[in-house]
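Here's the structure we're looking at; comments come further down.
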Amino acid sequence: MSEKYKFDTMSLHSGHVPDKETGSRAVPIYQTTSYVFKDTDEAAALYNMEVGGHLYTRISNPTIATLEQRLASLDGGVSCVACSSGMAAMHLVVTAICSSGDHIVASNKMYGANINLLQHTMTRFGIETTFVNPNNLEEIEKAIMPNTKLVFGEVIGNPGLDVMNVPEVAKICKKKNVPLAIDATFNTPYLMKPITYGANVVIHSLTKWIGGHGIAIGGAIINGGNFDWGNKEKFPTISGSHFALNGISFWEEFGPSALTAKIRAEGMYNFGPSLSPNNAFYILQGIETLSLRMKKHIENTKMMLEFLKENEAVSWLRHPDLQDHPDHKIAKKILPLGSGSIIVFGIKGGRDAGKAFIENVKLSSHLANVGDAKTLLIHPGSTTHSHLSSEAMKMSGLTDDLIRLSVGLEDIEDIKIDFEKGFKAAAKISSKRS
Amino acid sequence: MYKDFKGNKVYFSTGGINLVNDRETLCFVHGAGQNHYSFTQQIRYFVSQGYNVVAPDFPGHGFSEGNQTTSIEEDMLWLAELLASLKIEKATFIGHSQGCLTILELAEKKPELVRGLVFVAGAMSIPVNDFLIDTSIDNPEKAYDLMVTWGQDSYGSFSISDWPGHNHLAEGNAIMKLNDSSVLTTDLKSCNLYENGKQAASKIKINCLAVLAKFDMMTPLKKGLQMVENIKQCDYKILECGHFLPIEKPKELNALIKNYLNTLK
Ligand SMILES: Cc1ncc(COP(=O)(O)O)c(C=O)c1O
Chain A
-14 MSEKYKFDTM SLHSGHVPDK ETGSRAVPIY QTTSYVFKDT DEAAALYNME VGGHLYTRIS
46 NPTIATLEQR LASLDGGVSC VACSSGMAAM HLVVTAICSS GDHIVASNKM YGANINLLQH
106 TMTRFGIETT FVNPNNLEEI EKAIMPNTKL VFGEVIGNPG LDVMNVPEVA KICKKKNVPL
166 AIDATFNTPY LMKPITYGAN VVIHSLTKWI GGHGIAIGGA IINGGNFDWG NKEKFPTISG
226 SHFALNGISF WEEFGPSALT AKIRAEGMYN FGPSLSPNNA FYILQGIETL SLRMKKHIEN
286 TKMMLEFLKE NEAVSWLRHP DLQDHPDHKI AKKILPLGSG SIIVFGIKGG RDAGKAFIEN
346 VKLSSHLANV GDAKTLLIHP GSTTHSHLSS EAMKMSGLTD DLIRLSVGLE DIEDIKIDFE
406 KGFKAAAKIS SKRS
Chain B
40 MYKDFKGNKV YFSTGGINLV NDRETLCFVH GAGQNHYSFT QQIRYFVSQG YNVVAPDFPG
100 HGFSEGNQTT SIEEDMLWLA ELLASLKIEK ATFIGHSQGC LTILELAEKK PELVRGLVFV
160 AGAMSIPVND FLIDTSIDNP EKAYDLMVTW GQDSYGSFSI SDWPGHNHLA EGNAIMKLND
220 SSVLTTDLKS CNLYENGKQA ASKIKINCLA VLAKFDMMTP LKKGLQMVEN IKQCDYKILE
280 CGHFLPIEKP KELNALIKNY LNTLK
């Protein structure tokens, strides 16, 4: 009989038992490209995807498989493919399901590269996207057309922190027979599991909180196994005839795991965005403490929100756990443990004050990542968007005083002291201006 | 592959290819509340080994429509008729769990159809406790959960899998959810009702194979061994896994079936 272990236990154990040959308690790093076949029969069976096993690390690897099985169990999915980055995961999902002439409905409040991929890259290959407000259910439903093959959004949008009403969007998708894929990078399965709310596919950038230490780029696709791909005309890539493997239909042969079978057989095979076994190991180490870290991230975020709310230097503050956030109600419902550890705020004095703040903090790192154990900051007005005017920034939903804070695991009193230094410098600029 | 059969659309997996006239046929017979996906890692493997494979979804299971069969005897007749409609005169039958009862019955009533018999995690009778039957009526999804957790060994607990990235507890559940929700109850009741297993087993004249699971909580090993004793010639092998042996130990099972098939040549 098998036990249904709880989240913390799965974080430590899923996908691995002590190595049969060596007794190794830790997950071994299988730093190998390939695997010796026992005989020609086995080789043929593996190439033909008749049985499970490893043949070449671009397609699968035992260390990576441990990571995949751990992620699948934590998110309640039937199968998972890990890959080289969060963006690779998104690309794999889109290309597994969509072809030229197909259509996607996606949130207009997503991570920039997610938007760019759909708006600028996929359109070159004939896949069009209608961008919608992630919380306008009517708009989402209306945007779904007969050739819509995917609805896509983020649970907590980056960087706007809009919260998608995943259960209601999932209902619309089910009614329209379109799979719902959700980027759950900002929440991790510790805070919310989209599959339990009816989503069909989950995408993670493992680079962020799941890995948690800012040391490895990685991505994953978790397949809910809860979507009926049986309509051959609508989903020919999953239930029609595959170009190899004797022309099988993934749906007929693999059923609930059809999507990941397709991704492995085509995406991993032909595009090859594989994760390195070493990075899989680092990410696994991170997952062992996922819930401990997320608890502390949330605890520190609460304290930072209090601190920023009271602070003179802050002109506005955004986080879904704050009552004045437009999505507060839905956040409370689907993210009861907390809405993640990103805080966005405005600094008095605009772009120059923002710059001064960033340049005068020491403990908080100014960089282009989120979800590290360390506190991270970015001021788009003086970095990613420095070439844009205030008006142009507004057009992309940003303001030049905006600071994105990824709350780390430090003693939060030290971060507050660090921020005070930054605010002091910003205030000088701000008072000069006024 | 889909076929109109007795006024309904039924599905049987052939591993994605057309059946070939002069090949030997292997017929995989799924268990209670299951469908052809129980044998995902067997079907295409044996097609590549040069066999025709027929792995039907019984009515109401997987992709097959139609009224559910309500006894092992009916299961057996439905299967025999399906094979006749496909012009398959003889086959080796591989049953899993309830599928073992179906092929025991077939061996007794239609011996002319049977070239060989493989019993996977099987027994001559499969009494089912009332709790599981009641749960399958009140809350089918809870019953799937119970079956999948009872049915898989530590393989399930730890999401260990030779199949990269697969989480078998959730996958077992998803496979069962593809069936009509009343199917599991009907199947469990069919198992409970069946009493002819011992008699059927004692009449088997051909050499058979039983592959049993050491940690089987659905058809306990002891009952599997009693079946082996009752069959005149039945080789057996015990694998260290749970009831969902075709998913937990696919390579070992495939190798055992392959060796057995060689003895029939
Ligand atoms: C929400 C979200 N999704 C996806 C990505 C892409 O992840 P990666 O950098 O691992 O490709 C990011 C990166 O910042 C992100 O914030």
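Chains as they are written, first to last, in our numbering: chain A, -14 to 419; chain B, 40 to 304.
We treat Cβ as the ideally placed atom computed from N, Cα and C, and that holds for glycine.
In this text, all values refer to a predicted model and were calculated from it rather than measured experimentally.
Residues of chain B whose Cβ lies closer than 7 Å to the Cβ of Cys65 (chain A) are, in chain order, Gly204.
In this structure Val140 (chain A) is not in contact with Ile100 (chain A), their Cβ atoms being roughly 16 Å apart against a cut-off of 8 Å.
Within the same chain, Cβ atoms closer than 6 Å to the Cβ of Gln80 (chain B) are found at Pro289, the five residues on either side in sequence being excluded. Of the heavy atoms belonging to ligand 1, none sits nearer than 7 Å to the Cβ of Gly257 (chain A).
Judged by their CB atoms, Gln54 (chain A) and Gly204 (chain B) are nearer to each other than the 8 Å cut-off. In this structure, B:Val68 is the residue among B:Glu180, B:Ser193, B:Val68, B:Lys48 with its C-alpha nearest to the C-alpha of Pro95 (chain B). Within the stretch 57 to 128 of chain B, the complete alpha helix (DSSP H) segments at least 4 residues long are 79 to 87, 111 to 124, listed from N- to C-terminus.
By the neighbour-count definition (other C-beta atoms within 10 Å, threshold 16), Val78 (chain A) is a buried residue. Nearest Cα to Leu121 (chain B) within the set B:Pro98, B:Gln137, B:Lys148, B:Asp192: B:Pro98. Inter-segment contact for the stretch 372 to 380 of chain A and the stretch 298 to 310 of chain A is absent: fewer than three beta-carbon pairs are separated by less than 8 Å.
Close CB contacts of Ile49 (chain A) within its chain, under the 8 Å cut and outside five residues either way in sequence, are with Thr42, Ala67, Ser259, Leu260, Pro262, Ala265 (chain order). In the three-state DSSP reduction, Trp236 (chain A) falls in the helix class (H, G or I). In summary, the residues of the stretch 46 to 59 of chain B whose CB is separated from some CB of chain A by less than 9 Å are Tyr50, Ser52, Gly54, Gly55, Ile56, in the order they occur in the chain. Along the stretch 16 to 78 of chain A, the alpha helix (DSSP H) occurs as fully enclosed runs of 4 or more residues at 25 to 32, 47 to 60, listed in sequence order. For Trp194 (chain A), there is no enclosing alpha helix (DSSP H), as DSSP marks it with neither H nor E.
Excluding sequence positions up to five before and after Tyr299 (chain B), its CB lies within less than 8 Å of the CB of Gly155, Val157, Leu248, Asp274, all in the same chain and listed in chain order.
For Asn150 (chain A), no alpha helix (DSSP H) run applies, since DSSP gives it neither H nor E. Sequence-ordered contacts of the stretch 293 to 304 of chain B with chain A read Asn293 [C-beta pairs closer than 8 Å]. Here DSSP, grouped into helix, strand and coil, assigns Glu395 (chain A) to coil. Against chain B, the CB of His(-2) (chain A) has a partner CB under 8 Å away; the residue lies at that interface. In the three-state reduction of the DSSP assignment, Leu275 (chain A) falls in the helix class, which pools H, G and I.
Thr131 (chain B) is positioned such that its CB atom lies closer than 8 Å to that of Leu303 (chain B). Cβ proximity to chain B below 8 Å picks out Glu237, Glu238, Phe239, Gly240, Pro241, Ser242, Thr245, Arg249 from the stretch 236 to 255 of chain A. Residue-level contact by beta carbon fails for Arg62 (chain B) and chain A, as no gap is shorter than 8 Å. Rounded to the nearest whole angstrom, the CA to CA distance from Ser241 (chain B) to Gly196 (chain A) is 59 Å. Considering only beta carbons, the part of the stretch 210 to 234 of chain B lying closer than 7 Å to chain A consists of Glu210, Ala213, Ile214, Leu217, in chain order. Collapsing the DSSP output to three states places Thr170 (chain A) in coil.
Remark: C-beta atoms of Gly393 (chain A) and Asp357 (chain A) approach each other more closely than 8 Å. Apart from sequence neighbours up to five positions away, the residues of its chain that approach Lys276 (chain B) with a beta-carbon distance below 6 Å are Val250, Leu295, ordered along the chain. Using a Cβ distance threshold of 8 Å, Gly210 (chain A) and Ser190 (chain A) do not count as a contacting pair. With distances taken between CA atoms, Leu292 (chain B) lies nearest to B:Phe85 out of B:Lys261, B:Lys48, B:Phe85. With fewer than 16 other CB atoms across the displayed protein chains lying within 10 angstroms of its CB, Lys127 (chain A) is exposed. The Cβ atoms of Ile82 (chain A) and Lys134 (chain A) lie closer than 8 Å to each other. For His135 (chain B), the three-state secondary structure derived from DSSP is strand.
Non-local C-beta neighbours of Glu279 (chain B) in its own chain, meaning closer than 6 Å and more than five positions away in sequence, comprise Lys253, ordered along the chain.
Straight-line measurement puts the Cα of Phe171 (chain A) at about 36 Å from the Cα of Ser416 (chain A).
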